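Take a look at the structure set out below.
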Amino acid sequence: MPRSDIAQVPTPLEPAPHLSAALGDVNIFFKRDDLTGRAFGGNKTRELDFIIGEAVMQGADVFISGGGARQSNHAVQCSAAAIRAGLIPVVVIYDAGPIGWQGNLLLDDLMGVDIRFLSADSIDNVIFQRDTAEATMVEVAAEYVQRGHRPYILPSSFHPLAAAAYAGCMLELNDQTTQIGLSDYHVYVTSSGATQTGLILGSTYMTLGVPITGISHTAARDGLENRLVDLADRTADLLNIPRSVSALDIENESFAGPGYGILTDAAKEAIRLTASTEGIFLDPVYTGKGMAGLIAHIREGRLASGSNVIFVHTGGLPAIFSYSAELMDR
Ligand SMILES: *Cc1c(COP(=O)(O)O)cnc(C)c1O
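Take 1 as the starting number for the sequence shown in this note's numbering and just add one per residue.
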């Protein structure tokens with residue numbers, strides 16, 4: 001498949017001994033997909049390797065993306081990747097919430113992104129459904145066509161090329177765990193979309209039998225299993241491999257608390273504990289909630305003593321700075 005050389009992969013797999021000791025009898029590792037490079041890294045950059053590859057192959061000169069909230073990591077990583085590949089970045093994002101020109105939104109502005117705001121009533125549904133902004137993206141594309149451009153539209157990261165990238169991440173993880181002799185492990189990832197889907201597809205395709213638990217950052221989750229199976233099937237078709245994912249393979253639990261982007265006490269504890277034990281930062285919207293899910297499962301005794309757990313760090317760090325008031329303890 002066409003690739004763009006946007007992401008810095010493979011990313012490191014690192015043990016987290018001090019966090020593990022603080023939580024008891026499990027061995028936690030981080031798969032550092034926060035270090036994929038470009039705009040402070042994250043899972044979208046790994047996905048964009050293939051997506052930008054496709055856009056460039058199609059001869060596009062404008063890259064239209066977004067579909068998320070103001071603090072969208074996706075929009076920032078799309079824009080940085082687009083710029084790197086010589087495309088004009090355009091994002092359509094939802095103007096939900098009072099957070100100002102900080103974090104990701106500041107980065108969008110610094111990159112000179114053409115930002116179009118939409119209003120959103122329920123950001124949870126918007127983030128979960130991911131297709132509501134597409135009509136606007138099509139309108140913006142028409143505008144650029146009129147001015148003589150060739151736009152490429154990425155309606156959302158719920159996309160077979162994105163899941164294919166994470167099937168590839170599972171191969172990468174399999175190489176790394178084989179190298180260090182780690183044969184029995186559980187994967188945790190903050191996702192309700194392509195990231196978890198791709199990891200599962202990689203594991204089932206290679207019959208690795210790795211349990212992959214998704215922790216979701218949205219409260220909305222109607223039909224989640226079917227959505228992920230459908231994406232896995234479309235991805236398998238794209239890759240020309242057998243369809244191997246069923247609803248039974250999908251384990252996913254929401255730790256969104258009151259809703260998308262609202263910091264919970266558990267996420268705050270997870271962020272502070274990870275930072276103070278490992279010097280690794282998690283974000284309030286995604287990975288903090290993902291780690292809160294892992295911590296809850298450890299405390300409930302759902303992971304056997306001595307278990308190896310790989311937490312896929314999906315990035316999201318710029319958003320930290322727009323949550324300083326809620327994250328501070330003093
Ligand atoms: C987008 C994002 C996720 C969720 O990924 P999906 O698989 O698309 O649900 C997780 N973490 C961070 C930091 C993200 O930006």
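Where is the CB? At the ideal position from N, CA and C, for every residue including glycine.
Keep in mind the model is a prediction, meaning the values are calculated, not measured.
Over what stretch of residues does the beta strand (DSSP E) that includes residue i continue unbroken?
i      : result
ALA21  : Careful: ALA21 lies outside any beta strand (DSSP E), inside the alpha helix (DSSP H) at 17-23.
ILE153 : 151-153
PHE117 : 114-118
HIS186 : 186-190
The alpha helix (DSSP H) spanning residue i covers which residue range?
i      : result
ILE363 : This structure leaves residue 363 out entirely; the chain is present only between 1 and 330.
ASN104 : 103-110
THR45  : 43-57
GLY324 : Residue identity differs from the one stated: residue 324 is Ser in this sequence, not Gly. 324-327 is the extent of the alpha helix (DSSP H) around SER324.
ILE295 : 287-299
ASP237 : 224-239
Residues in its own chain within less than 6 Å of residue i by CB, not counting five upstream and five downstream?
i      : result
ALA162 : GLU47 and ALA194
ILE153 : ILE64, MET137 and ALA141
THR213 : TYR188 and GLU251
PHE117 : ASP95
HIS149 : ASP61 and VAL62
PRO160 : ARG234, THR235 and LEU238
SER216 : SER192, ASN252 and SER254
GLY53  : PRO2, ARG3 and SER4
PHE40  : LEU317 and PRO318
ASP114 : VAL90
ILE320 : ASP283
ALA82  : PHE63 and PRO89
THR197 : ALA163, LEU228, LEU231 and ALA232
Can you tell me which residues form a DSSP beta bridge with residue i?
i      : result
ASN27  : ASN308
ALA69  : TYR94
THR177 : Answer is none; THR177 lacks a bridge partner.
ASN252 : GLY214
ILE64  : VAL90 and ILE153
GLU139 : Partner(s): none; GLU139 has no beta bridge.
ALA315 : Correcting the residue identity first, residue 315 is Gly in this sequence and not Ala. For GLY315, which the question treats as bridged, DSSP gives the partners GLY42.
GLU14  : PHE30
Mapping DSSP to helix, strand and coil, what is residue i?
i      : result
ALA267 : helix
ILE212 : strand
VAL9   : coil
ILE341 : Here the chain has residues from 1 to 330 only, and residue 341 is not among them.
ASP144 : At residue 144 the sequence reads Tyr, which differs from the Asp that was named. Helix at TYR144.
SER246 : coil
PHE128 : helix
PRO258 : coil
PHE158 : coil
LEU282 : coil
LEU182 : coil
THR36  : coil
LEU303 : coil
Can you list, in chain order, the residues of its chain with a C-beta nearer than 7 Å to that of residue i? Leave out the 5 residues immediately preceding and following it.
i      : result
ASP109 : TRP101
LEU303 : VAL26, HIS186, HIS297 and VAL309
GLU14  : PHE29, PHE30 and ARG32
GLU278 : ALA16, HIS18 and LEU19
LEU208 : ASN174
ALA55  : PHE63, LEU87 and TYR152
GLY37  : ALA7, GLN8 and THR45
GLU134 : PRO155
ALA270 : LEU282, GLY288, MET291, ALA292 and ILE295
Heavy atom of ligand 1 less than 8 Å from the Cβ of residue i, yes or no?
i      : result
TYR94  : no
TYR188 : no
VAL285 : yes
LYS44  : yes
THR36  : no
GLY112 : no
PHE158 : yes
ASN73  : yes
THR314 : yes
SER322 : no
THR177 : no
Between which residues of its own chain and residue i is the CB-CB distance below 8 Å, once the five residues before and five after are set aside?
i      : result
LYS268 : PRO284, GLY288, GLU326 and LEU327
SER183 : THR177
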